[in-house]
Amino acid sequence: MKEARRENIRYGLRHIAFNPSAPMNDGQLAHFANQICLELGADPERMTLVIHQKDGSTHGHVLLPEWQEDHVLSSKFTWQRLEKIARLEELRLGHTLVPGRHDRAIVKALREARNSEAADKVAALVPEDNSARPVSAYTSQARRMTERQDFDLPAARREIMAFWERSGNDLKTFRRLLTEKNWCMRPGDRTDRRRDAHVIETAEGLLIGSFTRLTKVRTKEFRLLLEAEASRPSPVDLRPVVQRLEQQERRHQQRSERKRAVKDLIWVPTASLSALDRQRLHEQGRREAEAIRKRLPSIGSLRYPEQFSEGFRIYLKDWKQEMQAARSVLNARHPLERRYGPDSPLDIQGACIVRMMKEGWSRLKQAHQAVERARQELDELEARKILFSRKRRLSQAEEQYRQALAQLAEILRYLVQFILYHLGLSSQKPDPIRYPVPIEREATLQDYLQDRRELLQALLDEKARRLWIKDRCREAEHKRARMIAQWHTERVPEREQAQQTIARLERLHRLSWSLPEDVRLAVRNLKRQGQLRLALRELDRFYERDAPVSPTPAHRSDVNRGSQSVTVRQKASPTPIGNGKAYASQHDVWGLKIAYC
Numbered sequence: 032m033k034e035a036r037r038e039n040i041r042y043g044l045r046h047i048a049f050n051p052s053a054p055m056n057d058g059q060l061a062h063f064a065n066q067i068c069l070e071l072g073a074d075p076e077r078m079t080l081v082i083h084q085k086d087g088s089t090h091g092h093v094l095l096p097e098w099q100e101d102h103v104l105s106s107k108f109t110w111q112r113l114e115k116i117a118r119l120e121e122l123r124l125g126h127t128l129v130p131g132r133h134d135r136a137i138v139k140a141l142r143e144a145r146n147s148e149a150a151d152k153v154a155a156l157v158p159e160d161n162s163a164r165p166v167s168a169y170t171s172q173a174r175r176m177t178e179r180q181d182f183d184l185p186a187a188r189r190e191i192m193a194f195w196e197r198s199g200n201d202l203k204t205f206r207r208l209l210t211e212k213n214w215c216m217r218p219g220d221r222t223d224r225r226r227d228a229h230v231i232e233t234a235e236g237l238l239i240g241s242f243t244r245l246t247k248v249r250t251k252e253f254r255l256l257l258e259a260e261a262s263r264p265s266p267v268d269l270r271p272v273v274q275r276l277e278q279q280e281r282r283h284q285q286r287s288e289r290k291r292a293v294k295d296l297i298w299v300p301t302a303s304l305s306a307l308d309r310q311r312l313h314e315q316g317r318r319e320a321e322a323i324r325k326r327l328p329s330i331g332s333l334r335y336p337e338q339f340s341e342g343f344r345i346y347l348k349d350w351k352q353e354m355q356a357a358r359s360v361l362n363a364r365h366p367l368e369r370r371y372g373p374d375s376p377l378d379i380q381g382a383c384i385v386r387m388m389k390e391g392w393s394r395l396k397q398a399h400q401a402v403e404r405a406r407q408e409l410d411e412l413e414a415r416k417i418l419f420s421r422k423r424r425l426s427q428a429e430e431q432y433r434q435a436l437a438q439l440a441e442i443l444r445y446l447v448q449f450i451l452y453h454l455g456l457s458s459q460k461p462d463p464i465r466y467p468v469p470i471e472r473e474a475t476l477q478d479y480l481q482d483r484r485e486l487l488q489a490l491l492d493e494k495a496r497r498l499w500i501k502d503r504c505r506e507a508e509h510k511r512a513r514m515i516a517q518w519h520t521e522r523v524p525e526r527e528q529a530q531q532t533i534a535r536l537e538r539l540h541r542l543s544w545s546l547p548e549d550v551r552l553a554v555r556n557l558k559r560q561g562q563l564r565l566a567l568r569e570l571d572r573f574y575e576r577d578a579p580v581s582p583t584p585a586h587r588s589d590v591n592r593g594s595q596s597v598t599v600r601q602k603a604s605p606t607p608i609g610n611g612k613a614y615a616s617q618h619d620v621w622g623l624k625i626a627y628c
């Protein structure tokens with residue numbers, strides 16, 4: 032079941048039960064279960080086979096997981112394929128062939144598989160009339176349920192067939208015969224295309240089956256019978272109406288007498304009343320209080336919206352969506368604010384960068400030492416005047432020195448690009464370190480190293496390195512502050528609009544008692560109808576009835592410019608980069624890149 036939920040499959044297991052009519056040993060049942068696995072594309076090693084006896088008959092249950100490591104069990108024409116396996120197993124074991132509903136399809140599949148002998152034997156089971164195919168009037172699950180309730184379902188089906196034959200295809204007579212057995216026929220619970228289906232059940236509510244399945248009447252013919260029954264005029268019998276009116280009149284008189292008796296008890300002193308009379312008086316008072324409570328408006332909770340009307344639930348849904356959209360505008364933050372988090376001192380930021388690049392610093396020092404060693408070896412070779420094969424050794428030493436310089440420049444390039452990209456000073460993601468350095472890039476890297484000789488010396492020194500990183504952090508902090516302030520400045524009109532929307536929604540949700548009664552009733556009716564927009568418009572029309580004339584466009588622009596300048600000054604405070612936790616998460620990612628380059 033966990034695998035099915037992981038792979039977004041509706042079902043986790045498939046259960047197939049088979050009950051042979053002739054005796055089979057455990058080996059034959061296991062062979063049949065393996066054939067089912069091969070047909071459905073299941074792994075027999077993951078099959079669960081349960082073989083047990085019930086009422087002297089041995090049968091089996093196969094449980095197969097729907098997810099088979101890399102695919103789902105086949106479910107196309109499952110019933111026809113299982114019947115084909117059953118027919119083949121009956122032929123293999125010499126059992127009597129059992130007619131099935133899909134014998135024609137089985138014959139076709141066997142002929143396509145070039146199994147003509149088996150196809151001919153199964154074809155002998157196919158009836159000439161297609162309507163004579165075997166049809167199950169009830170499922171095995173329904174039969175087990177009725178057996179547990181001591182109800183003989185096959186016998187009930189035979190009786191229903193006999194009733195239908197005796198009725199002469201007349202639904203009224205058939206219903207009367209069912210009533211004699213204390214059964215009834217009613218419309219089914221389906222509301223889709225099977226809405227005309229009728230079911231037969233007992234007086235206790237036990238479902239026997241569908242009318243069309245039990246009587247073998249086609250659905251089209253049954254609909255015609257229902258239409259004929261509905262169009263037939265029913266005889267006018269006033270006796271049930273008179274009896275119902277007499278019962279209503281009798282109950283009304285009894286109710287009036289009880290009320291009169293209780294009212295008479297009100298004027299009697301309480302001390303002289305019996306315990307039964309006091310209880311009757313108390314019950315009458317409780318019923319009257321309950322009736323008054325039902326007429327009073329109910330107080331609902333927004334936690335349980337199902338207690339409201341459908342229109343008011345629509346209003347609540349729209350109101351929440353509008354409020355969430357407006358609050359999301361007010362609570363929106365720049366991506367840099369979400370990435371770098373709250374303020375953090377520059378010393379902590381620099382320490383985090385140093386800790387993240389710890390392995391990078393060590394590799395930079397090792398590369399610098401390798402350059403120094405290669406330069407020293409080259410100088411020693413040049414100092415020797417007489418040496419066998421001196422030219423070849425010099426060329427090898429020069430090649431090693433050039434490669435060491437290229438590696439040093441490559442590491443320096445990666446460190447600088449990584450720091451600038453992490454702080455947001457550069458939008459280019461650093462390329463990974465490449466060993467050995469390609470020949471076509473050596474000249475470019477040597478020029479890069481020559482231009483940044485002072486930066487290399489600063490990064491090799493621990494104190495100078497910390498100062499350089501702190502300067503870069505300060506520069507990145509100022510850049511982010513400018514970008515965030517500019518972003519908030521551009522969103523000032525949108526935020527003001529969101530604040531006005533929130534104020535209007537809150538004013539609509541909690542109507543003020545100072546509103547006129549007609550306005551309150553109109554807005555309340557619109558809310559109950561689910562008309563959020565119309566309710567807001569009605570409320571705005573009332574509050575804007577005495578509003579002054581809107582200012583000219585020039586005056587409005589001056590006012591907006593003044594409000595924007597105030598907001599800019601409020602938002603211009605710099606926002607430093609994130610705390611130590613944010614740096615730790617970046618170290619987890621980039622540390623791996625440094626380690627595996």
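Counting in our numbering, the sequence shown runs without a single skipped number right up to 628 at its last residue. We put the CB at the ideal spot given by N, CA and C, even for glycine. For clarity, every value in this text was computed on a predicted model and none was experimentally measured.
Can you tell me whether residue i is buried or exposed? The criterion is at least 16 other CB atoms within 10 Å of its CB, across all chains shown.
i    : result
T79  : exposed
Q435 : This sequence places Ala at residue 435; Gln is not what is there. Looking at its Cβ environment, which holds 16 or more other Cβ atoms inside 10 Å, A435 is buried.
R433 : buried
P158 : exposed
L557 : buried
M55  : buried
G131 : buried
Y335 : exposed
W214 : buried
Y445 : buried
V138 : buried
H133 : buried
G91  : buried
V230 : buried
R37  : exposed
V273 : exposed
Which of the three DSSP states is assigned to residue i in this structure?
i    : result
E100 : coil
W110 : helix
A150 : helix
A53  : coil
L542 : coil
M32  : coil
A529 : helix
I40  : coil
D201 : coil
N65  : helix
E575 : coil
Q562 : coil
N362 : coil
D183 : coil
D410 : helix
A501 : Note that residue 501 is Lys in the sequence shown, not Ala. In this structure, K501 counts as helix in the three-state DSSP scheme.
A144 : coil
E441 : helix
T127 : coil
D349 : helix
DSSP has residue i in a bridge; who is on the other side?
i    : result
P633 : Beyond the ends of the chain as shown, which are 32 and 628, falls residue 633; an answer cannot be given.
K85  : S88
L94  : H46 and T79
G240 : I231
Under 8 Å by Cβ, that's how I've got residue i and residue j pegged, so tell me the actual separation to the nearest angstrom.
i    : j    : result
A428 : E403 : Wrong, their Cβ atoms sit about 13 Å apart, outside the cutoff.
A357 : T532 : 4 Å
R188 : L245 : 6 Å
I639 : R394 : For residue 639 there is no data in the structure shown, the boundaries of the chain being 32 and 628.
H62  : L94  : With a Cβ gap of about 17 Å, H62 and L94 do not count as contacting.
L60  : I82  : 5 Å
E97  : G43  : 6 Å
Q66  : E120 : 7 Å
L296 : L307 : In fact, because the Cβ distance is near 11 Å, the residues do not count as touching under 8 Å.
D349 : L486 : Actually they do not touch by this definition, with Cβ atoms about 59 Å apart.
V153 : L128 : 7 Å
Residue i CB to nearest chain D CB: under 8 Å?
i    : result
L255 : Here there is only one protein chain, and chain D is not present.
> In chain order, which continuous runs of the alpha helix (DSSP H) of length 4 or greater are located wholly inside the region 261-344?
Replying inline: 270-297 and 306-326
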